[in-house]
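Here's the structure, in structure tokens; my notes come after.
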Amino acid sequence: MITNKQNSINNLGGSMESIVKSPMNKDHGNESRSSDERRKNSKDAALFNSYFTVDRHALSDLISTKLHSDDFIATRTSYITIRLWFMCMFFALSVPIFSGFDFVLFPNAEALALLVARVTLSLSLFSLAYLLKVRALVNTVRSVMPLAFLAPMIFYVASMIIVSDLPKEEIPSIFAMLPYFILAMLGLFPLTISGGVIVVVCILVPFISYEIFFVQQSIWLLVNGIWLFLLFAGISLWLQVGQLSMLMKLY
Numbered sequence: 058m059i060t061n062k063q064n065s066i067n068n069l070g071g072s073m074e075s076i077v078k079s080p081m082n083k084d085h086g087n088e089s090r091s092s093d094e095r096r097k098n099s100k101d102a103a104l105f106n107s108y109f110t111v112d113r114h115a116l117s118d119l120i121s122t123k124l125h126s127d128d129f130i131a132t133r134t135s136y137i138t139i140r141l142w143f144m145c146m147f148f149a150l151s152v153p154i155f156s157g158f159d160f161v162l163f164p165n166a167e168a169l170a171l172l173v174a175r176v177t178l179s180l181s182l183f184s185l186a187y188l189l190k191v192r193a194l195v196n197t198v199r200s201v202m203p204l205a206f207l208a209p210m211i212f213y214v215a216s217m218i219i220v221s222d223l224p225k226e227e228i229p230s231i232f233a234m235l236p237y238f239i240l241a242m243l244g245l246f247p248l249t250i251s252g253g254v255i256v257v258v259c260i261l262v263p264f265i266s267y268e269i270f271f272v273q274q275s276i277w278l279l280v281n282g283i284w285l286f287l288l289f290a291g292i293s294l295w296l297q298v299g300q301l302s303m304l305m306k307l308y
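Counting from 1, position 90 in the sequence shown corresponds to residue 147 in my numbering; the numbering is continuous, with no gaps.
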């Protein structure tokens, strides 16, 4: 009799325990599914942010220097200063040397005018190189960088105006390709996107001004020239952003 009562009590306890555990198991399952959904949503959000948003570790560091540390700004400035100084010195020395070819290819009047333009460009680049040497500060580099690319573009416009009266077949292709060569040089520097766009504008304005005011051509040829220029500019911006990203990873 006592045994039967004990068995009944045990069965009743087991039933109560199963009743109590059943909601707990259900709650645990709901929490597990909820946790999985949160992890999935977090992963999807991280994937979305990595491609389509500007966050601290993605595009914002490449767009401007607002979020850069002072140490990194100083390191990047030093890196740019060295390359910019060598570029200015190289072209300041080499540009006047090629005036000898001008006297072979062009009449004396045009060759002399080109010599004046070359010497003016050379002196401008020497001045910029000297400024970088004696005052290699962040603001100095930010000012010299656009000027170092604007000066060759002014030389391009002046040289094309000087030789404009000559037949096109007598003008070397290097004169017409000079803007694209200048754009290619832009890819040597780890600039931010905003800094690169400023330099590209300094190159684009003289280019468009010459094409509009001094070249007699149809609107379609003008659009084609601008489109080609923008393609080269996009490639240069891509290269400079790649250099900046690499420098940030090494830093």
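No residue lacks a Cβ here, since even glycine has one placed at the ideal position from N, Cα and C.
Expressed to the nearest angstrom, what Euclidean distance is found between the alpha-carbon atoms of residue i and residue j?
i, j, result
"Met242", "Leu261", "14 Å"
"Phe129", "Leu307", "11 Å"
"Met146", "Trp277", "38 Å"
"Trp284", "Ser293", "14 Å"
"Leu223", "Val298", "40 Å"
"Ala131", "Val195", "7 Å"
"Gln274", "Val280", "10 Å"
"Ser135", "Ala193", "8 Å"
"Gly247", "Phe148", "A quick correction: the sequence has Pro, not Gly, at residue 247. About 20 Å."
"Ala166", "Leu204", "29 Å"
"Thr177", "Ala170", "11 Å"
"Val152", "Leu180", "10 Å"
"Leu44", "Gly291", "This structure leaves residue 44 out entirely; the chain is present only between 58 and 308."
"Pro164", "Ile120", "48 Å"
"Ala168", "Leu182", "21 Å"
"Met305", "Ser156", "41 Å"
"Val220", "Phe286", "22 Å"
"Asp118", "His125", "7 Å"
"Gln300", "Asp127", "19 Å"
"Ser184", "Lys123", "29 Å"
Out of the options, which has the shortest C-alpha to C-alpha gap to residue i?
i, options, result
"Thr310", "Ala149, Met146, Ala168, Leu296", "As shown, the chain starts at 58 and ends at 308. That puts residue 310 outside it, with no answer to give."
"Phe158", "Phe232, Pro209, Ser184, Tyr237", "Phe232"
"Phe206", "Leu124, Leu150, Phe270, Leu240", "Leu240"
"Phe289", "Phe238, Ala174, Phe271", "Phe238"
"Cys259", "Ala215, Met202, Thr197", "Met202"
"Pro236", "Val256, Ile219, Ile120", "Val256"
"Val272", "Met217, Leu287, Phe286", "Met217"
"Arg199", "Val220, Phe183, Ser251", "Ser251"
"Ile137", "Ile219, Thr197, Met234, Ser221", "Thr197"
Kindly indicate the opening and closing residues of the alpha helix (DSSP H) around residue i.
i, result
"Glu226", "Here Glu226 belongs to no alpha helix (DSSP H), and DSSP marks it neither H nor E."
"Thr134", "127-154"
"Ala241", "235-243"
"Ser251", "250-270"
"Ser302", "276-307"
"Leu119", "117-120"
"Lys190", "165-191"
"Phe212", "195-219"
Answer with buried or exposed for residue i, where buried requires no fewer than 16 other C-beta atoms within 10 angstroms of its C-beta.
i, result
"Met303", "exposed"
"Glu227", "exposed"
"Gly244", "buried"
"Gly253", "buried"
"Ile154", "exposed"
"Phe270", "exposed"
"Ala174", "buried"
"Val161", "exposed"
Can residue i be considered in contact with the ligand MG, in the sense that its beta carbon sits closer than 7 Å to one or more heavy atoms?
i, result
"Thr138", "Among the components of this structure there are no ligands whatsoever, and the ligand MG is therefore not found."
For the 8 Å Cβ check, are there 3 or more pairs between the region 185-201 and the region 131-142? Yes, since at least three Cβ pairs between the region 185-201 and the region 131-142 fall closer than 8 Å, the two stretches touch.
Between the region 210-219 and the region 255-270, do at least 3 Cβ pairs fall closer than 8 Å? yes
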